[in-house]
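These notes are about the structure you will find just below.
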Amino acid sequence: MFAQICLIKSNIKKQKADVIVFLTLVLISTMLMSVSISMLFNMSKVVESHFEEINGADITISINKNAKAITQQIIEKDNRIKAYDVSRRLLINAKHKAKSSSTWRDFTFTVQSYNEKRNINKTYKYPNKYKDNEILIPYYLHSDYKVGSILQLKFYGVKYDLKVVGYVQDPMYATPLNVTLYTIYASDKMMDEFSKIKDVISQVKFNATLYPQYYNDKVEDDIVDKVTKETGGVVDSQKLVTEAIGWYSGMKGGCMFMPNMALGILLVFSIMIFVISTLVISFAIRNFIEKNMRDFGLLMASGYKISTLRGVVVYEIGLVTLFGTIIGSTIGKVVYKRAGKLVENVLGLEWNQGLNFINMFIVSLFIILFSCAVAYISSGKFKKITVLTALRGGINTHNYKKNFFPLTATRLPINLALSLKSIFSSWKKSLAIFLMMAITAIIMQTAYGIYYNFGNNQEKIFEFSGTESGTIGVYGNEALGEKLKKMKYVKAMNAKYENATCYYKNGEKGRVITTSVYKDLSELRYCNLIEGRLSKYPNEIIVAGGLADDLNIKSGDAIEVGLTKAGKKKIFIVTGIYQQINNMGRTVMMNKNAFERLNPVEKKWKEEVFYDIYAEDGKNFQNMKKEVLKIYPEGKNKIDNYEKLASETMDVVRNVLSKISIAISIITAFIVMFVEGLLIHSKVVMEWKNLGLNKALGFSSKKLMAQMVMSNIPIILVGAFIGAIVSKPIACNLLIIGMSSFGMKTVKMEFGIEGVILTISIITICAIISATITSFRIRKANPIDMLVKYGEN
């Protein structure tokens, strides 16, 4: 055992550079893998802990205050509901900013009272007694509004200065990616003042808990279905406006979607780094055996068995990996806290879970065992070596290999010819280098794709998510549409009537689904159709991929559709299937003529139309608002700044994805430099005496350095090019797998030729810089010393 320990110590000393590179890659992969896996496992715990602390509602239903009585009756008769409470709620389209800021931002707010007693959806951690102008805001806004700061709220010509005294953390309304509004809590007095202002919508909100067996029953849609049937969609001459949300039917997964996506990207990146580290150590072991062939020959002649020598290599790699995982886990513990702060900005909830040490132990154990397995396989080269061959330094009388690019006949530059000769004469090493560079190119190109498609391009996010969001939104009647379409600066416009809840049935399966009714679906810009065509005629609809999967629907199928589950059904043809993130990919869209066929009696839904208008390039919300008010002066309070609304919703997501992609690119660039430095170092050591001989014969240091720098560049260029080319389908397929629960079948990501060029350029430049720095030792070395000493010194 002592002899083996001495051999391990000697090997590590001789492989110092290899060990440092491998150790670095192991600690990086351990750190990132431990953090990402722990956070993925803890994500649901964070959400559930906040949900439990407020005694979160399994379903919430917000509805016109005049429909309170009928809704309450229906809820009380429903035996699936365990408990419920009801509270006031105001719906306000407002502008907001910090008092110290000069920029107003538009968003939709709901206001509830913290004075009301609640058993469900409580404002935990905070008392119910504050001054009249003090409010509680969502934790999502904590970076914009600190406790004690002033939030200015302006709507319908009135401005209020409200002091922030705390944050509420309701997972269902934690982020506008889940529900596109901010829920704030104010005093009863302030709510009374708000409600007196014209166009502020007064509602009641029912928070209810369910018995566990009914969690996935879409109870909220059933209740709205019944209320709609009882009221005919109209209450006291007002159109019924509802918001029905189920925690288990979409919101729970929805609030975790973006953070999980970001962490998933990080996990894949860490796995790829680990794959590179195994390739590096495999390459290093084979190189080490070849370089020390005579020493191993002496050991074998002295009685050491091949199994003993392989065991020494495995123990050595296991020991280095153990140290790497310990250091990586230690760094990971520090990084985890910072990563939690970053995830909070997207999740909208305080990260309250510590690092999962069991996951960290499993990750570390996996990395150690896998590395040892790679070391054992790589050391199999010992079995192919005889004692005599080893004592000769691995030289047989003839290697029977083809002489690629003979120097006497080639017309190529000498450095390039030597480089190609080296590549083709040792194809296994070249294959390892190719794979390492291809993987780094895939990582870097994917990071560029994330940045280009999601981190730096808001329009690409809308296209990916299937979400319509123009420059300006206008509410008005049907006649207003033609006037708006003829207005200056209009690039595109769609008209939406309402979100109705309808029942869809295919065979034995059926679901109540949110349905968007448009004047003409062909006017949509971001309808991501993956199968069939858009619906056109009164008996046609299109459905989202998630619902299509749930009900086994294909394009061309005929399904039953009704306004309610129990009501009369009509047959509709599904002409197409589209992708959309909203409601976990469980939505339906139809034209006005189709909804008229489904609902021929009730006309109230036609009274108000929402016009989503996209401005021409170079024009913004202010330009469009001026033009709208010229033809619609009475609509001053019926205009939404969708430009700002989209920015408010997407900015945090874009920032997080941008930071992740930039960090991945920087780390990958350093990995390329590490790996290429290791390769050149090994090559210099292996050819140290030959380099000394060449130098003694008159070759200049610059020529020898150029030869070393160029030795791997051809295979690096090929690997980087192939990796960059195949990165698009790999990235898209990984995203499809991650989005499968949304019914995603295809993902459109654009990389562009500039991304390929940038990736190849960065990898090549980093490799050249690293190779040049590593080969500097040739310049300083004396030819005589080089002829008598090994390169390790």
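Count along the sequence shown from 1, add 503, and you get the number used in this note's numbering.
We put the beta carbon where it would ideally sit given N, CA and C, even for glycine.
List the whole-angstrom C-beta distance separating M536 from V866, where the pair is believed to meet the contact cut-off of C-beta under 8 Å. 5 Å
Roughly how many angstroms lie between the CA atoms of F1113 and S590, to the nearest whole one? 28 Å
Assuming K1231 and I1033 form a contact by the criterion Cβ under 8 Å, report the distance between their Cβ atoms to the nearest whole angstrom. About 18 Å separates the two Cβ atoms, so there is no contact after all.
Bounding residues of the beta strand (DSSP E) (the contiguous stretch that carries N1031): N1031 to G1035
Alpha-carbon to alpha-carbon, Y955 and S1158: Correcting the residue type first, residue 1158 is Asn in the shown sequence and not Ser. Using only the alpha carbons, I get a separation of about 12 Å.
Report the rounded CA-to-CA distance for L1182 versus G1088, giving the unit in angstroms. 48 Å
Answer yes or no: do L782 and F799 have a C-beta to C-beta separation smaller than 8 Å? no
Considering only C-alpha positions, which residue in the set K886, G756, F697 and L934 is nearest to G660? F697
Inter-stretch contact (C-beta, 8 Å, three-pair minimum) for the stretch 1016-1026 and the stretch 1089-1108: yes
CB of T678 within 8 Å of CB of L850, strictly: yes
In the DSSP output, what is D609 paired with across the bridge? K598
By Cβ distance, which residues of its chain are closer than 8 Å to A842, with the 5 residues on each side in sequence left out? V538 and M542
By the three-class DSSP mapping on this structure, what secondary structure does I573 have? helix
I need the straight-line Cα distance from V1077 to L1050, nearest angstrom please. 12 Å
Throw me the rounded Cβ distance for the I595 and V703 pair, which I believe falls under 8 Å. 5 Å
Following the continuous alpha helix (DSSP H) through T745, name the residue where it begins and the one where it ends. No alpha helix (DSSP H) contains T745, which DSSP labels as neither H nor E.
I believe V816 touches I779 by the beta-carbon criterion, under 8 Å. Please report the beta-carbon distance rounded to the nearest angstrom. So it is not a contact: roughly 20 Å between Cβ atoms.
In the structure shown, what three-state DSSP assignment does P641 receive? strand
Closest by C-alpha distance to E981, when choosing among K598, Q518 and N997: N997
With A1118 and Y992 assumed to form a contact (beta carbons below 8 Å), what rounded beta-carbon distance in angstroms separates them? 5 Å
Measuring CA to CA, which of M694, H1184 and K1106 is closest to S1278? H1184
Within its chain, find whatever has a CB closer than 8 Å to the CB of N558; leave out the 5 residues flanking it on each side and keep chain order. N622, I623, N624, K625 and T712
Whose C-beta lies closer than 7 Å to the C-beta of Y714 among residues of the same chain, with five residues either side of it excluded? R583 and K585
Could you have a look at I523 and say whether DSSP puts it in helix, strand or coil? helix
What are the boundary residues of the beta strand (DSSP E) that D664 is part of? V661 to V671
Name the DSSP beta bridge partners of C1005, please? I1016
For D521 and I784, I'd like the C-alpha separation in whole angstroms. 7 Å
What is the residue span of the beta strand (DSSP E) that E1063 lies within? A1061 to G1065
Does the beta-carbon of Y1040 have 16 or more other beta-carbons within 10 angstroms, so that it is buried, or is it exposed? exposed
As assigned by DSSP and simplified to three states, the class of S616: strand
Taking the alpha-carbon positions, what's the A466 to S832 distance? What the structure shows of the chain is the stretch from 504 to 1296, and residue 466 is not part of that stretch, so it cannot be assessed.
So, using beta-carbon positions, are Y642 and E853 closer together than 8 Å? yes
Give every residue of the same chain whose Cβ lies closer than 7 Å to the Cβ of N859, excluding the five residues on either side of it in the sequence, and list them in chain order. S541, F544 and N545
Assuming the contact rule is C-beta atoms closer than 8 Å, V1046 and I1084 should be a hit. Round their C-beta distance to whole Å, please. With a Cβ gap of about 15 Å, V1046 and I1084 do not count as contacting.
Near M693, what residues of its chain come up, given a Cβ to Cβ distance below 6 Å and the 5 sequence neighbours on each side ignored? D635
Shorter than 7 Å, the distance from the beta carbon of F709 to the closest heavy atom of the ligand MN, or not? Although the ligand MN was asked about, the structure shown includes no ligands whatsoever.
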